[in-house]
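Participant:
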Amino acid sequence: MITGRFFAAGADRRIAITILILLAAAIIVPLLNLAVSPASAFYIPSYIVALTGKYLCYALLALALDLVWGYCGILSLGHGAFFALGGYAMGMYLMRQIGSRGVYGNPLLPDFMVFLNYKELPWFWYGFDHFWFAAIMVLAVPGLLAFVFGWFAFRSRVTGVYLSIITQAMTYALLLAFFRNDMGFGGNNGLTDFKDILGFNVQADATRSALFAASAITLALGVFVTWAIVGSKYGKLLMAVRDAESRTRFLGWRAENVKLFAFTVSAIIAGIAGALYVPQVGIINPGEFEPSNSIEVVVWAAVGGRGTIVGPIIGALLVNAGKSWFTGALPEFWLFALGGLFVAVTLFLPKGIIGMWDSWRGNARAMRAASLAEEAGTDPDVPPPPKVVRSAATRPGDWSASGPEPQPAE
Amino acid sequence: MILLRALGLTLLFLMASLLPSNAAEADLRAIIAKFATGTGFSATEAVVRELAATGDPAVERPLAALVEGNLYIRKADSAVFVGNESGDSVALLDPLSGEKSAEAAKADITKIKVNNGLRRVIRDALGTLTLRAKDPTVRIAAADTMLKTPDAANIEPLDAAIAAETDANVKALFEQARAASVLVSDRPEADKLAAVALIGARGDRDALSLLTSVEANSPGAVKDAATAAIGTINSSLALWDAAQNIWYGISLGSVLLLAAIGLAITFGVMGVINMAHGEMVMLGAYTTFVVQQVIRTSFPGLFDWSLVIALPLAFLVAALVGLIIERGVIRFLYGRPLETLLATWGVSLILQQAVRSIFGPTNQEVGNPSWMSGSVDIGQLAVTWNRLWILVFALGVFAVLLYVMKRTPWGLQMRAVTANRRMAASMGIRTPWVDALTFALGSGIAGIAGVALSQIDNVSPNLGRGYIIDSFMVVVFGGVGNLWGTLVGSFSLGIVNKFLEPYAGAVLGKIVVLVLIILFIQKRPRGLFALKGRAVEA
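Chains as they are written, first to last, in my numbering: chain A, 1 to 410; chain B, 411 to 948.
(1) State the Cα-Cα distance for the pair residue 659 (chain B) and residue 806 (chain B), rounded to the nearest angstrom.
(2) Suppose contacts are defined by Cβ-Cβ distances below 9 Å. Is residue 780 (chain B) in contact with residue 714 (chain B) by that definition?
(3) Below 8 Å between beta carbons is the criterion; list the residues of the segment 163-194 of chain A that meet it against any residue of chain B, in chain order.
(4) Tell me, please, whether the segment 913-932 of chain B touches the segment 882-890 of chain B by the rule of three or more beta-carbon pairs shorter than 8 Å.
(5) To the nearest angstrom, how far is it from the Cα of residue 363 (chain A) to the Cα of residue 303 (chain A)?
(6) Under 8 Å Cβ-Cβ, which residues of chain A neighbour residue 933 (chain B)?
(7) Rounding to the nearest angstrom, what Cα-Cα distance links residue 939 (chain B) and residue 892 (chain B) in this structure?
(8) Which of helix, strand or coil does DSSP assign to residue 99 (chain A)?
(9) Between residue 375 (chain A) and chain B, is there a C-beta pair that is closer than 9 Å?
(10) Can you grab the Cα-Cα spacing for the pair residue 688 (chain B) / residue 18 (chain A), in whole Å?
(11) Closer than 8 Å: is that where the CB of residue 687 (chain B) sits relative to any heavy atom of the ligand PLP?
(12) Please compile the residues from chain A whose C-beta is within a distance smaller than 7 Å of the C-beta of residue 383 (chain B).
(13) For residue 336 (chain A), decide whether its Cβ has a neighbour in chain B, counting only Cβ atoms nearer than 9 Å.
(14) Across the segment 466-479 of chain B and the segment 509-528 of chain B, are there enough close Cβ pairs to call them in contact, namely three or more that are closer than 8 Å?
(15) Is it true that the segment 528-545 of chain B meets the segment 492-511 of chain B, where meeting means three or more beta-carbon pairs spaced less than 8 Å apart?
(16) Is the distance from the Cβ of residue 239 (chain A) to the Cβ of residue 230 (chain A) below 9 Å?
(17) Where does residue 203 (chain A) land, buried or exposed, given buried means 16+ other C-beta within 10 angstroms?
(18) Using 8 Å as the cut-off, can you tell me whether the segment 133-145 of chain A makes contact with the segment 271-283 of chain A, which would need three or more C-beta pairs spanning the two stretches below that distance?
(19) Would you call residue 124 (chain A) buried or exposed, if buried means 16 or more other Cβ atoms sit within 10 Å of its Cβ?
(20) Just by C-beta distance, which residues in the segment 667-683 of chain B are closer than 9 Å to chain A?
(21) Within 9 Å (strictly less), CB to CB, does residue 68 (chain A) reach chain B?
(22) For a minimum of 3 consecutive residues, which ranges assigned as the beta strand (DSSP E) are wholly contained in the segment 703-788 of chain B?
(23) Looking only at its chain, what residues have a beta carbon closer than 7 Å to the beta carbon of residue 78 (chain A), apart from the 5 residues adjacent to it on each side?
(24) Does the Cβ-Cβ distance between residue 683 (chain B) and residue 74 (chain A) come in under 9 Å?
(25) Answer yes or no: does any C-beta atom of chain A fall closer than 9 Å to that of residue 928 (chain B)?
(26) Within 9 Å (strictly less), CB to CB, does residue 82 (chain A) reach chain B?
(27) Given that a residue counts as buried once 16 or more other Cβ atoms are within 10 Å of its Cβ, and exposed if not, what is residue 259 (chain A)?
(28) Is the shortest distance between the beta-carbon of residue 908 (chain B) and the beta-carbons of chain A less than 9 Å?
(29) I think residue 98 (chain A) touches residue 194 (chain A), with their Cβ atoms under 8 Å apart; what is that distance to the nearest whole Å?
(30) What do you get for residue 556 (chain B), buried or exposed, if any count of 16 or more other CB atoms within 10 angstroms of its CB means buried?
(31) Between the segment 233-247 of chain A and the segment 33-53 of chain A, do at least 3 Cβ pairs fall closer than 8 Å?
(32) Between residue 747 (chain B) and chain A, is there a C-beta pair that is closer than 9 Å?
(33) Note down, in chain order, every chain B residue with its Cβ under 9 Å from the Cβ of residue 332 (chain A).
(34) Where do the N-terminal and C-terminal ends of the beta strand (DSSP E) with residue 940 (chain B) fall, by residue?
(35) What residues of chain B sit near residue 50 (chain A), judged by a beta carbon separation below 9 Å?
(36) Taking buried to mean at least 16 other C-beta atoms within 10 Å of its own C-beta, is residue 485 (chain B) buried or exposed?
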């Protein structure tokens, strides 16, 4: 049944194309990097491979946010925290792989622990010598945090701006915690100087290509999973909660459980993104917990179009490519550009690039239908395409008591 | 002309006051020269006594040098110097002024020898000298040193000094110093008990450490008395510590109140979170900086007034920027609070980068006016003036806002819009104007908060970032649309934070507070003072 839907026309075809492009990239880009000679025009330099690999991780993070924000209406300003936690789990595994090759040559303790006078490995580092354990932690730690946090928050019906603020407080608290040296996570230097992953040199071109391929495939998988969730019956429930939470609750659904599931899945996806990100950039430090990072993720999703699956991916790639270009060419203006992007997207592109494209296509189709109808001499009054109506206001001071549409300022 | 004459008079007085001291200095030099003529310890002792008898504080330097064995005689001309050994040579300093006058090889000078008996004589003389100094602060310092390094030999000079002392405060200090000395002497038990009582009454950390050593070293009744006194001091110190924490907490609370109150108003009335609020604070701080720069270069005399001048300007600058943001961006996003949050975040990035481009990324120096520097002691509590003024200022701003909200037509309209926007609009209130002005007011208050914060924090483009999350916590904790909620929220957060700090450390304390707030929100999702009524659950 899913496969049938998968090749159907419309939005679903777009998902299929995205997944195919990603899978193709996972094969072609490493080939062009490894098998083609550097002199060739088709050669892709290693740094580009690493850079795009990083972008793909960001795209996966944006996709995770899209699941909760676009489809469930939860604006999380703390998704960077899940990303960073996944990254730290992976970083801990990579630290254990250094073994005695560190600066201090201590076979048991990572460098920073020797430096900070640790006598023995803290208990929470046990098990990270094994990849399987680290992989489980990559999923479990962000998932568990999201589950506990969400369970508390959704059960007591913290919604809207309040929820955004406490997710921000969560990542801020983690930022402060990870900055502490006695937390046992390397303090403000974080974890770095990685050597091997699964026995392969992290710096080698082949490993980088493999990581790129892994990121692309995981992203494809993420797109498929998100699409499957959203398209399922549960997905309908998710959107019902987004559009009219009280109404869904009155119909007998447990809105908090619906949200909790989406939030936890989303956190796990974000954790995976972080785990793929760390070996590619070679460092994880508490800076990843910065609330501003999490807010930046929101703008990626907003630029591409939230609630469209493909949009956040495009947004993440575009904004980060822009960031790389700006910080290289005009470092002074990057924050102006980013700030301007926030304002411009919310004012002029509320549905993002994909959303705009869709409504433009929808309008074009309606107009075409209208002109066809005119030629045929029938009534030209074709009803306009239905608008997406979203109940936005759950706060005092909003206009929402009856009108589902936000009213213009008088 | 009058000014000139006054100047001339002052000069005259100065010269007149200098002359006698010059005469005294010549006498002193004559006495010091006798160190070179006499031989043997008894001769040196005689000179020391003669010097001490002058009672001139200037003899402190040669006497101190003598105790240390640093007083030398140059063989060539029998001149006396304070020596400062470095390697093979000795730098010779003038015994009275301490200025370097010559350098000599060790062979060319002789050290004036001292023995233990002589050292005691010199120490007594020195102690007595500083105890008799004209300046009461010198006397107080002398008493403090004697208290911290008690010596039975101090008792006699202290007795003399107590008898001669006229200042009651200094006299009390002398008596405490004497008591400390009595405790280490072999005086009878009754004296020591009285001394313990005296020290115990002092009640600070110095007294505590003194008594602890007494408790360890003395037998019988004195030990018991010391133990009892330590108990009393400890409990009173614990009280003072608590008072100190409360004061720090109140101080932090006043800062939070200033930073958060504008946010609370806009959040309450318009239901939007202004992420650029921190940048309004920063703009206020930079306005203060600019005002001070102008004053420094053009009107140096007005420096003490700089903050008073900066206040209205900061309000206007921030309010204007706020108005522009409201009219230019937020107006189009009504009913979409989450989008407003993102847009204002974008605005905050732009403002930060703009300030960074104009003023540079480094911290700017903003000075304290004289009436804001220094501190005042209340018991064991040091209260700095700038913190105190900021507290007063924060409460003042709060009172003014409360008045505006409760007693003015505009405040009435704001409250009406907060309670029920549609109804208010139906009643003829121009809600867009209320929104715009409220936003400008909230921003303006952030601006004047910036003036206050420039006095205690680094003025840098990141200034606002440090406060924004704390301000959110205050608003979320206190509840929106209620000024009292913000007041209670900020002070309780401040005090809880400062009470946790000694146990958990600054960072961990903050984390604990954040976690507590997150848990609190579960219990009361609308904050401490939630708005009641139908408007809340729309």
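Note that beta-carbon positions come from the ideal geometry of N, C-alpha and C, so glycine has one too. This structure is a prediction, so every number in the text was calculated from the model and none was measured.
Facilitator: Judging by the given coordinates:
(1) 18 Å
(2) yes
(3) 164, 165, 166, 168, 169, 170, 172, 173, 176, 177, 179 and 180
(4) yes
(5) 21 Å
(6) 156
(7) 7 Å
(8) helix
(9) no
(10) 40 Å
(11) Summarising the ligand content, the structure contains no ligands, and the ligand PLP is consequently not present.
(12) Given that chain B is displayed from residue 411 to residue 948, the structure contains no residue 383 (chain B) and the question cannot be resolved.
(13) yes
(14) yes
(15) no
(16) yes
(17) exposed
(18) yes
(19) exposed
(20) 677, 678, 679, 680, 681, 682 and 683
(21) no
(22) 785-788
(23) 167, 168, 170, 171 and 294
(24) no
(25) yes
(26) no
(27) buried
(28) no
(29) 7 Å
(30) buried
(31) no
(32) yes
(33) 763, 766 and 767
(34) That residue, residue 940 (chain B), is in no beta strand (DSSP E); it is neither H nor E in DSSP.
(35) Correct list: empty, because the minimum Cβ distance to chain B is about 27 Å.
(36) exposed
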